[in-house]
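Before any comments, here is the structure.
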Amino acid sequence: MSDLLIIMKQELMVIVIIFFLLFVKLGKGMKNETLLPLIQILLLLQFIAGFFFNQTGQLFGDMFYTNGLIAFEKAILSFGVYLISLLSSDWLKQSKHMPEYFMLMLAALLGMDLLISSGNLLMFYLALELATIPIAAMANFDLEKKQSSEGAMKFILSAAFSSGILLFGISLIYGITGTISFAALSHQAVNSTLLILAFVFFFTAFGFKMSIVPFHLWTADVYQGSPIATTSFLSVISKGSVAFIFITILYKVFGQSETVWYWMLVVLSVATMLIGNLFALRQQNIKRFLAFSSIAQVGFILVAISGGYVVATSAVVYFILIYIFSNLAVFGVAEVITNATGRETINDYKGLYRTNPFLSWIMALAMFSLAGIPPTAGFFGKLMLLTAGSNSGNFWFILIAGLNMVISLYYYLIVVRAIFMDKNENPIAPIKISVMAKYGMILCAAGIILVGLIGKIYEYIQSLI
Amino acid sequence: MMTPGLEHILFISFALFFIGIYGFFTRRNLITMLMSIELILNSVNLNFIAFNKYVWPDKMDGLFFTLFVIAIAAAEAAVAIAIIINLYRTHRSIDVENTEDMKF
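The listed protein sequences correspond, in order, to chains Y and G. Position one of the first sequence corresponds to residue 4 (my numbering), numbered consecutively onward. Position one of the second sequence corresponds to residue 18 (my numbering), numbered consecutively onward.
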């Protein structure tokens with residue numbers, strides 16, 4: 004019993020917060036102004052819990068297992084949720100249904116935690132659905148907006164379709180091997196043609212969830228339509244959790260058939276980087292622009308995944324940590340500006356530096372980090388990704404990835420140029436930023452600078468593997 | 018009288034799967050698209066049951082998986098229909114051709 008409490012501590016804490024919100028909603032209700040700080044404190048506690056009493060173990064047969072690395076990955080995701088609750092506090096406070104929004108977001112977080120810990124295809128499928136369905140409801144949270152419901156419709160249909168394909172792959176895997184447990188599957192090499200077909204179906208579902216290129220078409224529309232809090236949740240936390248489990252599945256479960264999936268990964272990675280970058284060049288809406296930039300970043304994550312289990316895990320965990328800081332900073336600034344003025348194209352950002360220097364500096368720092376320019380952490384993240392990818396000795400692939408980094412530099416700097424150098428007769432008026440949003444942005448900026456410079460963090464991640 | 022074997026059931030389930038995919042890509046009505054997804058999920062259920070009965074009769078994983086798939090499909094359909102109702106309120110139509118505010 005005490006094992007259950009300690010091994011599942013993060014999930015149980017999320018469940019407790021969800022029930023707390025449920026009872027608040029059922030009872031007399033609380034004002035958003037008093038409830039929001041309470042939720043933030045609970046989320047912070049849940050994040051801190053990830054660092055204490057970590058132990059390796061498994062529960063429910065082999066359905067659920069955990070170790071130090073998994074606890075750290077969950078802590079990263081929880082910290083992302085905490086940052087979102089800070090950065091979107093203005094939008095959340097004026098929302099009529101704030102407790103429901105947090106319930107949905109935490110249910111999705113619970114699904115992601117279970118997803119990372121899953122040790123069985125049944126658990127994997129259930130957790131994936133738990134991590135997906137609430138996001139569709141979150142995407143539709145601006146009930147009156149046409150674009151919000153359109154984006155949510157596109158999300159739920161593509162999610163349901165991809166889970167159908169995933170299930171078909173799982174059913175074939177079960178038919179051939181007779182097992183759905185990861186531990187038993189890991190002894191099974193992918194050798195028959197039917198098993199390769201099953202694996203391709205399985206892989207496709209990951210493509211949908213991570214928006215790898217031939218399956219990326221829902222991404223931009225959902226990002227543009229949803230409220231920014233949902234977009235930022237979808238782009239960093241959802242992507243991060245799927246990337247973590249993707250590495251585990253590829254190396255721990257299908258590790259014996261690396262020859263089958265290595266070239267699949269290389270081709271998809273090149274296509275993802277290239278198409279993400281080329282489409283990002285022509286975007287005007289900041290959310291749509293960030294959608295394509297996040298597709299390109301997924302391509303870089305795939306570069307690292309192709310490198311081998313140990314290097315891939317350390318590089319991807321480190322990169323996701325940095326990516327959460329930099330992407331959430333951009334979304335935080337965009338959210339503040341959209342809330343205050345309702346403008347969200349890059350042209351509107353022209354001359355922002357004159358009127359809002361604080362927001363401009365945060366945005367510039369985050370853009371430099373996303374592009375991977377040295378003093379920021381993004382550079383170290385990208386460096387680790389490419390180093391991990393080069394581990395397999397395929398240097399042409401790394402060269403293409405490097406060239407794509409140059410292309411991405413161009414469109415990230417367009418935003419910085421618009422903010423600092425372009426003239427505009429009608430710039431955005433000075434915006435008063437709430438204390439919480441400001442605190443969140445400073446936290447993000449500190450993360451962007453410090454995570455790269457403190458080498459101990461990377462060593463800590465490596466020591467966990 | 019001939020009893021149906023594994024191959025017959027697999028034929029039906031594969032046919033259902035691809036009918037579902039075809040319907041999902043060609044139909045323009047959102048409810049029909051949702052029905053196509055249900056077809057895909059039901060083909061998966063048939064697959065699991067058939068494999069469980071004919072190939073691995075001593076391992077009940079397939080049967081349990083089917084139960085969970087049915088439950089999750091219901092949850093998914095509930096959220097999807099809620100979203101479609103809201104889409105009807107904002108767009109006055111449930112045709113995908115009319116939901117084209119955002120493109121490229």
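Cβ atoms here follow ideal geometry from the backbone N, Cα and C, with glycine treated the same way.
Inset, instruction - Could you list which residues in chain G have their beta carbon closer than 8 Å to that of Ala-139/Y, in chain order? - result: Stepping through the first sequence from its first residue, residue 139/Y is reached at position 136. Per Cβ cutoff of 8 Å: Val-96, Ala-97 and Ile-100.
Inset, instruction - Output yes if chain G places a C-beta closer than 8 Å to the C-beta of Gln-150/Y; else output no. - result: On the first sequence, residue 150/Y is found 147 positions in, with the first residue counted as 1. For Gln-150/Y, the answer is yes, since a Cβ of chain G falls inside 8 Å of its Cβ.
Legend entry - Val-113/G to Leu-47/G span [Cα, whole Å]: Against the second sequence, residue 113/G aligns to sequence position 96. Against the second sequence, residue 47/G aligns to sequence position 30. Straight-line Cα distance between these residues: approximately 7 Å.
Legend entry - Ranges of the beta strand (DSSP E) found wholly within the stretch 377-404 of chain Y, counting only runs of at least 3: none
Inset, instruction - Spell out whether any CB of chain G is found under 8 Å from the CB atom of Ala-315/Y. - result: The sequence position of residue 315/Y within the first sequence is 312, counting from 1. Not one chain G Cβ lies under 8 Å of Ala-315/Y.
Legend entry - Per DSSP, cross-strand counterpart(s) of Thr-69/Y: Numbered from its first residue, the first sequence carries residue 69/Y at position 66. Thr-69/Y pairs with Gly-60/Y.
Inset, instruction - Since I believe Asn-64/G is in contact with Ser-189/Y (beta carbons under 8 Å), could you give me their beta-carbon distance rounded to a whole number of angstroms? - result: Within the first sequence, residue 189/Y is the residue found at index 186, counting from 1. Within the second sequence, residue 64/G is the residue found at index 47, counting from 1. Rounded, the Cβ-Cβ distance is 23 Å, inconsistent with contact.
Legend entry - Residue closest to Gly-354/Y, alpha-carbon to alpha-carbon, out of Ser-238/Y, Ile-422/Y and Asn-143/Y: Within the first sequence, numbered from 1, the residue matching residue 354/Y stands at position 351. Answer by Cα proximity: Ile-422/Y.
Legend entry - Cβ-Cβ separation, Ser-235/Y to Phe-75/Y (assumed contact under 8 Å), whole Å: Counting from 1 along the first sequence, the entry for residue 75/Y is found at position 72. Counting from 1 along the first sequence, the entry for residue 235/Y is found at position 232. Contact doesn't hold; Cβ gap of about 21 Å is too wide.
Inset, instruction - Please work out which residues of its chain come closer than 7 Å, Cβ to Cβ, to Ala-404/Y, disregarding the five sequence neighbours upstream and downstream, and give them in chain order. - result: In the first sequence, counting from the first residue as 1, residue 404/Y sits at position 401. So the qualifying residues of the chain are Met-276, Phe-303, Val-306, Leu-389 and Gly-392.
Legend entry - Among Tyr-85/Y, Gly-172/Y, Ser-92/Y and Gly-83/Y, the one whose alpha carbon lies nearest that of Leu-125/Y: Looking up residue 125/Y in the first sequence gives position 122. For Leu-125/Y, the nearest C-alpha among the options comes from Gly-172/Y.
Inset, instruction - Could you tell me which of Val-225/Y, Ile-183/Y and Phe-202/Y sits nearest to Ala-139/Y, measuring between CA atoms? - result: In the first sequence, the residue the question calls residue 139/Y occupies position 136. Here the closest residue by C-alpha is Val-225/Y.
Legend entry - Given Tyr-39/G as reference, the closest of Met-77/G, Ser-53/G and Phe-28/G once Cα atoms are compared: In the second sequence, the residue the question calls residue 39/G occupies position 22. Among Met-77/G, Ser-53/G and Phe-28/G, the Cα nearest to that of Tyr-39/G belongs to Ser-53/G.
Inset, instruction - For the stretch 211-236 of chain Y, enumerate the residues whose C-beta is nearer than 7 Å to any C-beta of chain G, in chain order. - result: Asp-224, Gln-227 and Gly-228
Inset, instruction - Starting from Met-50/G, find everything on chain Y with Cβ-Cβ shorter than 8 Å and list it in chain order. - result: One-based indexing of the second sequence puts residue 50/G at position 33. Here the neighbours are Leu-160.
Legend entry - Proximal chain A residues relative to Met-108/Y, where beta-carbon distance stays under 8 Å: Of the chains in the structure shown, none is chain A; the protein chains are Y and G.
Legend entry - Endpoints, the alpha helix (DSSP H) within which Leu-467/Y is located: In the first sequence, counting from the first residue as 1, residue 467/Y sits at position 464. Run containing Leu-467/Y: 458-467, per the alpha helix (DSSP H) assignment.
Legend entry - Near-chain G residues of the stretch 420-452 of chain Y (beta-carbon distance less than 9 Å), N- to C-terminal order: none
Legend entry - Rounded distance between the beta-carbons of Asn-288/Y and Glu-347/Y, thought under 8 Å: Residue numbering aside, residue 347/Y sits at position 344 when the first sequence is read from its first letter. Residue numbering aside, residue 288/Y sits at position 285 when the first sequence is read from its first letter. Yes, Glu-347/Y and Asn-288/Y are in contact; Cβ-Cβ is about 6 Å, under 8 Å.
Legend entry - Whole-number beta carbon distance between Gly-178/Y and Phe-68/G, since they are thought to touch under 8 Å: To locate residue 68/G, count along the second sequence from 1; it is residue 51. To locate residue 178/Y, count along the first sequence from 1; it is residue 175. Yes, they are in contact, since the Cβ atoms of Phe-68/G and Gly-178/Y sit about 4 Å apart, within 8 Å.
Legend entry - Per-residue contacts from Met-366/Y into chain G (C-beta, under 7 Å): If you number the first sequence from 1, residue 366/Y lands on position 363. Residues of chain G passing the Cβ test: none, with the nearest at roughly 24 Å.
Legend entry - Inter-residue Cα distance where the pair is Pro-433/Y and Asn-62/G: In the first sequence, the residue the question calls residue 433/Y occupies position 430. In the second sequence, the residue the question calls residue 62/G occupies position 45. One C-alpha to the other measures close to 58 Å.
Inset, instruction - Return helix, strand or coil for Thr-182/Y, following the three-state DSSP convention. - result: By one-based count along the first sequence, residue 182/Y stands at place 179. Coil.
Inset, instruction - Check the Cβ-Cβ distances between His-25/G and every residue of chain Y, and say whether any is below 8 Å. - result: Against the second sequence, residue 25/G aligns to sequence position 8. Answer no: the Cβ-Cβ gap between His-25/G and chain Y never drops below 8 Å.
Legend entry - Interface residues of chain Y facing Ala-92/G [CB-CB closer than 7 Å]: What you label residue 92/G is simply residue 75 of the second sequence in a count that begins at 1. By Cβ distance, chain Y contributes Ile-136.
Legend entry - For Asp-112/G, three-class secondary structure by DSSP: Here residue 112/G refers to the residue found at position 95 when the second sequence is read from its first residue. It is a strand residue.
Legend entry - Closer than 8 Å to chain G by CB, Asn-280/Y: On the first sequence, residue 280/Y is found 277 positions in, with the first residue counted as 1. No, because no Cβ of chain G sits closer than 8 Å to the Cβ of Asn-280/Y.
Inset, instruction - Could you work out which residues of chain Y lie near Phe-35/G, taking near to mean beta carbons separated by less than 7 Å? - result: Taking the second sequence and counting its residues from 1, one reaches residue 35/G at position 18. The premise fails here: Phe-35/G is roughly 10 Å from chain Y at the closest Cβ pair, so nothing lies under 7 Å.
Inset, instruction - Report, in whole angstroms, the separation of the C-beta atoms of Phe-322/Y and Lys-255/Y, which I expect to be a contact under 8 Å. - result: Numbered from 1 along the first sequence, position 319 holds the residue referred to as residue 322/Y. Numbered from 1 along the first sequence, position 252 holds the residue referred to as residue 255/Y. Contact flag wrong, Cβ pair sits at about 20 Å.
Inset, instruction - Mind reading off the beta-carbon distance from Ser-152/Y to Phe-144/Y? Whole number of angstroms is fine, and I expect it under 8 Å. - result: In the first sequence, the residue the question calls residue 152/Y occupies position 149. In the first sequence, the residue the question calls residue 144/Y occupies position 141. Ser-152/Y to Phe-144/Y, Cβ: 10 Å. No contact.
Inset, instruction - Would you check if the distance between the CB atom of Ile-451/Y and the CB atom of Ser-372/Y is smaller than 8 Å? - result: Taking the first sequence and counting its residues from 1, the one referred to as residue 451/Y is at position 448. Taking the first sequence and counting its residues from 1, the one referred to as residue 372/Y is at position 369. Yes, the Cβ-Cβ distance between Ile-451/Y and Ser-372/Y is below 8 Å.
Inset, instruction - Compare the C-beta of Ala-155/Y against all C-beta atoms of chain G and say whether one is closer than 8 Å. - result: Position 152 of the first sequence holds residue 155/Y. Answer yes: the Cβ-Cβ gap between Ala-155/Y and chain G drops below 8 Å somewhere.
Legend entry - 8 Å Cβ cut-off: residues of chain Y touching Asn-46/G: For the purposes of this step, residue 46/G is taken as residue 29 along the second sequence, with counting starting at 1. The contacting residues do not exist; Asn-46/G stays about 12 Å from chain Y at best.
Inset, instruction - Run down chain G in chain order and give the residues with a C-beta less than 9 Å from the C-beta of Phe-209/Y. - result: Looking up residue 209/Y in the first sequence gives position 206. Within 9 Å Cβ-Cβ: nothing; Phe-209/Y doesn't reach chain G, min ~17 Å.
Inset, instruction - Please name the residue in Tyr-442/Y, Lys-459/Y, Met-424/Y and Glu-14/Y whose C-alpha comes closest to that of Leu-90/Y. - result: By one-based count along the first sequence, residue 90/Y stands at place 87. It is Tyr-442/Y.
Inset, instruction - Answer yes or no: do Ile-215/Y and Leu-293/Y have a C-beta to C-beta separation smaller than 8 Å? - result: As a position in the first sequence, residue 215/Y is number 212, starting the count at 1. As a position in the first sequence, residue 293/Y is number 290, starting the count at 1. Cβ distance not < 8 Å, so Ile-215/Y and Leu-293/Y don't count as in contact.
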